[in-house]
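**Student:** Please find one structure pasted underneath; my questions will follow.
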Amino acid sequence: MKEKILKLLKENKTEYLSGEYLSTVFGVSRTAVWKVIKQLQEEGYIIQSKTKLGYRLVESPDNLYSYEIQEGLRTKRIGKNIYYFEEIDSTNDYGKIVAQKPFEDGDIIIAESQNKGRGRFSREWVSPMRKGAYLSILLKPQISFEKITRLTIITALAVCSALEDHIQKKVEIKWPNDILINQKKICGILTEISGEVDKINYVVIGIGININLDIEDFDESLATKASSLKIETGKIQNRKEIVQKILSIFDEYYDDFLNDENYESIIDEYRKKSYLIGRNVEVRIYNNDSIRARVLDIEKNGALKVELENGEIRDLLSGEVTL
Ligand code: BTN
Numbered sequence: 006m007k008e009k010i011l012k013l014l015k016e017n018k019t020e021y022l023s024g025e026y027l028s029t030v031f032g033v034s035r036t037a038v039w040k041v042i043k044q045l046q047e048e049g050y051i052i053q054s055k056t057k058l059g060y061r062l063v064e065s066p067d068n069l070y071s072y073e074i075q076e077g078l079r080t081k082r083i084g085k086n087i088y089y090f091e092e093i094d095s096t097n098d099y100g101k102i103v104a105q106k107p108f109e110d111g112d113i114i115i116a117e118s119q120n121k122g123r124g125r126f127s128r129e130w131v132s133p134m135r136k137g138a139y140l141s142i143l144l145k146p147q148i149s150f151e152k153i154t155r156l157t158i159i160t161a162l163a164v165c166s167a168l169e170d171h172i173q174k175k176v177e178i179k180w181p182n183d184i185l186i187n188q189k190k191i192c193g194i195l196t197e198i199s200g201e202v203d204k205i206n207y208v209v210i211g212i213g214i215n216i217n218l219d220i221e222d223f224d225e226s227l228a229t230k231a232s233s234l235k236i237e238t239g240k241i242q243n244r245k246e247i248v249q250k251i252l253s254i255f256d257e258y259y260d261d262f263l264n265d266e267n268y269e270s271i272i273d274e275y276r277k278k279s280y281l282i283g284r285n286v287e288v289r290i291y292n293n294d295s296i297r298a299r300v301l302d303i304e305k306n307g308a309l310k311v312e313l314e315n316g317e318i319r320d321l322l323s324g325e326v327t328l
């Protein structure tokens, strides 16, 4: 009911809709309508109310409410259920709780802020209130373990394409899944998996995007490495539109992924957007060793193909790269 009334108010922003009209359209009492209006106002919607005329929506809040994101979202699987939080420890951790009960492929957990946002290598992910997008996509693909890296590839590509389309600036992918603008990190992706050798129970893909963060929001140590869309474009960006774009593009890639289609063109696209190909880098591998190498390519399985200083060619499946 709330969503329906909100939709009608949005469609008629230039006129007042009377309580009587709304109660007839939705077959409820005028008190019920009034309660919904009050609830919407509490959620941050600015609704003018005038005696004899009724209600008019003046402004919507900058919140990533589930019904705001779902409005106009034409996806096959992604975002059919969205769990929304004003504040949470970590959307990935909540994703793992949701996954303990039956859930639908593509359920989303989203929050306006996180107090224990996590990044790769157990780092903190700075998640200030209403300044970024912090979300997790919960999936249960029936696939083999070796194909999991493809999910990382399609997520990075979906975010990269959505951001590029939104801000009309060059956006690059730093293997495996950091998203950069002007060589600074704008978005990070944390993929976590639960499963046994031959069966995947669930995958949680956490996406953190620095959208409207200001320089002061980053720790000093991050100031030279990280940035936000607002800093890079000089404009406040619409968080809802960005999230919707990412979910729509991801939905298409995920459909291809499940049907084993178009992977060649997806990996080609990933290569084109790759920041590292041709660069000399230092790679920290998981036992904390570092190797210097030149990046040659991204392999079909998502591995980073590098040439070591002694000429040896290696495929790295995971690790962290610095320049
Ligand atoms: C990284 O680059 O290290 C990955 C960062 C991932 C951050 C996102 S924010 C939403 C989700 N919840 C978390 O706690 N982490 C991920």
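Numbered per the numbering used here, the sequence shown finishes at 328, counting up by one with no gaps.
No residue lacks a Cβ here, since even glycine has one placed at the ideal position from N, Cα and C.
Owing to the predicted nature of the structure, the values given are computational and were not obtained by experimental measurement.
Taking the beta strand (DSSP E) that L311 belongs to, which residues open and close that run?
**Tutor:** The question names Leu, but residue 311 in the sequence shown is Val. 309–313 is the span of the beta strand (DSSP E), which, as asked, contains V311.
**Student:** On a CA-only basis, which of R128, T96, A116, N86 is nearest E109? Give me that one, please.
**Tutor:** The shortest C-alpha separation from E109 is found at N86.
**Student:** Taking the Cβ atom as the reference point for each residue, do Y70 and Y89 lie within a distance shorter than 7 Å?
**Tutor:** Cβ atoms of Y70 and Y89: closer than 7 Å.
**Student:** How is K189 classed by DSSP in three states: helix, strand or coil?
**Tutor:** Strand at K189.
**Student:** If T160 sits next to I212, beta carbons under 8 Å apart, how far is it from one beta carbon to the other, in whole angstroms?
**Tutor:** The Cβ separation is near 7 Å, so the contact holds.
**Student:** Could you check what DSSP says for T327 in three-state terms: helix, strand or coil?
**Tutor:** T327: strand per DSSP, three-state reduction.
**Student:** If you run the structure through DSSP and keep just helix, strand and coil, what is Q105?
**Tutor:** It is coil, neither helix nor strand.
**Student:** I'd like to confirm the pairing. Which residues does DSSP put opposite Q53 in its beta bridges?
**Tutor:** In DSSP, Q53 forms a bridge with R61.
**Student:** Could you tell me whether the segment 259–276 touches the segment 69–83, using the rule of 3 or more Cβ pairs below 8 Å?
**Tutor:** Touching, yes.
**Student:** Only counting runs of 3 or more residues, tell me where the beta strand (DSSP E) segments fall wholly within the segment 257–299, in order along the chain.
**Tutor:** Runs of the beta strand (DSSP E) inside the segment 257–299: 285–289.
**Student:** Mind checking whether E312 and L328 have CB atoms under 7 Å apart?
**Tutor:** Going by C-beta atoms, E312 is not nearer than 7 Å to L328.
**Student:** I want to check one thing, is the minimum distance from the CB of T80 to the heavy atoms of the ligand BTN below 6 Å?
**Tutor:** Flag unset: Cβ of T80 not near the ligand BTN.
**Student:** Between I214 and G137, which are expected to be in contact by the criterion C-beta below 8 Å, what is the C-beta distance as a whole number of angstroms?
**Tutor:** Their Cβ separation, rounded to whole angstroms, is 6 Å, which keeps I214 and G137 in contact under 8 Å.
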